[in-house]
Amino acid sequence: MTNFVFSFHEQTLPKDPKISEKVDRLKKKLRHEENIHRALKRAFNRPLGALPRLPPYLPPYVLALLAEVAVLEEEITFCKGTKNHEMAARSIYGLELSEPLVTFALSCGTWSSPAVRVYTASQVENELEVAKREYLQAAVGISASKFAIPKLLDWYLLNFAKDLESLLDWICLQLPSELGKEAIKFLEKRKTEPLSQFVQIMPYEFSFRYLICT
1 MTNFVFSFHE
11 QTLPKDPKIS
21 EKVDRLKKKL
31 RHEENIHRAL
41 KRAFNRPLGA
51 LPRLPPYLPP
61 YVLALLAEVA
71 VLEEEITFCK
81 GTKNHEMAAR
91 SIYGLELSEP
101 LVTFALSCGT
111 WSSPAVRVYT
121 ASQVENELEV
131 AKREYLQAAV
141 GISASKFAIP
151 KLLDWYLLNF
161 AKDLESLLDW
171 ICLQLPSELG
181 KEAIKFLEKR
191 KTEPLSQFVQ
201 IMPYEFSFRY
211 LICT
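Structure (structure tokens):
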């Protein structure tokens with residue numbers, strides 16, 4: 001039997017630009033997925049009720065999920081807490097009484113956050129009222145067919161009202177005179193319709209922005 005010996009010589013094959021481009025895209029996608037994984041791991045490895053870090057590179061649906069989870073955890077923590085725990089928390093953070101208006105003073109650097117303001121000890125109540133009115137005036141929208149409210153009010157609805165219907169009434173009372181009258185007229189015309197037909201909850205915009213009130 002004749003033996004055949006084949007000799008192969010290594011050759012440097014030319015790189016295919018399309019393959020290189022595809023590999024680069026896959027590497028970029030992998031780095032992005034790794035960043036999301038690390039961000040989610042940090043977000044869920046934190047004390048119950050603490051606000052998660054929201055890196056701007058996360059997809060909007062992930063940011064929305066983390067924010068929803070944080071709100072639910074806050075509600076669970078509050079419901080489970082005893083009176084002693086509540087008093088301890090207030091003593092730590094200097095809150096003598098629950099103050100819903102603080103909602104309009106906290107900015108987390110997103111497009112839908114309230115504006116950043118400077119508050120003074122002597123005028124803080126009046127300044128919070130101004131922050132509330134200006135936020136509602138900017139974030140609430142009324143058209144011919146829709147009553148639009150920001151997602152922030154939907155998340156913290158129970159801070160201001162018992163249900164969505166009473167929240168709309170509360171909003172009308174907080175708006176400037178002319179806009180408030182327009183809102184009341186809108187609700188009067190649609191009082192026989194289900195709220196789902198005309199109330200629109202605007203999605204929370206997580207894009208980075210710090211709006212500073214001067």
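Using UniProt numbering, read the sequence shown as starting at 1 and increasing by one per residue.
Every residue, glycine too, gets a C-beta built ideally from N, C-alpha and C.
It is roughly 24 Å from the alpha-carbon of W111 to the alpha-carbon of V124. Contact between F147 and F198 is confirmed by a C-beta separation of about 6 Å, below the 8 Å threshold.
As for any beta strand (DSSP E) of minimum length 3 sitting wholly inside the segment 146-209, the runs are 147-150, 199-202, ordered along the chain. Shortest Cα-Cα distance from F104 to any of K132, S122, T120, N126 involves K132. Under the 8 Å Cβ criterion, the segment 134-152 counts as touching the segment 173-192, having at least three qualifying pairs.
Contact annotation, S122 with Y210: C-beta distance approximately 26 Å; criterion of less than 8 Å not satisfied. Here Y156 is not near A64, since their CB atoms are 8 Å or more apart.
T214 sits in coil when the DSSP states are folded into three classes, being neither helix nor strand.
Looking at the DSSP output, V130 bridges to nothing. Looking only at D16, C213, P17, K18, the smallest Cα-Cα distance to V116 is reached by C213. Non-local beta-carbon contacts of G141 in its own chain, meaning distances under 6 Å to residues more than five positions away in sequence, involve A148 in chain order. Burial is judged here by how many other beta carbons sit within 10 angstroms of a residue's own beta carbon; I19 has fewer than 16 and is exposed.
As a beta-bridge residue in DSSP terms, G141 pairs with A148.
One thing to note: F206 has its Cβ within 8 Å of the Cβ of P60. In this structure N159 does not touch P114 by the C-beta definition: roughly 14 Å separates them, more than the 8 Å allowed. By the neighbour-count definition (other C-beta atoms within 10 Å, threshold 16), P150 is a buried residue.
A straight line joining the alpha-carbon of D154 with that of L195 spans about 14 Å. Beta-bridge annotation (DSSP): T110 is paired with F208. Going by beta carbons, T120 and E127 fall inside the 8 Å limit.
N35 and D16 have their C-alpha atoms spaced approximately 29 Å apart. Closest option to L167, judged by alpha-carbon separation, among R38, K22, T192, I201: I201. DSSP places V118 in the coil class of the three-state scheme, outside both helix and strand.
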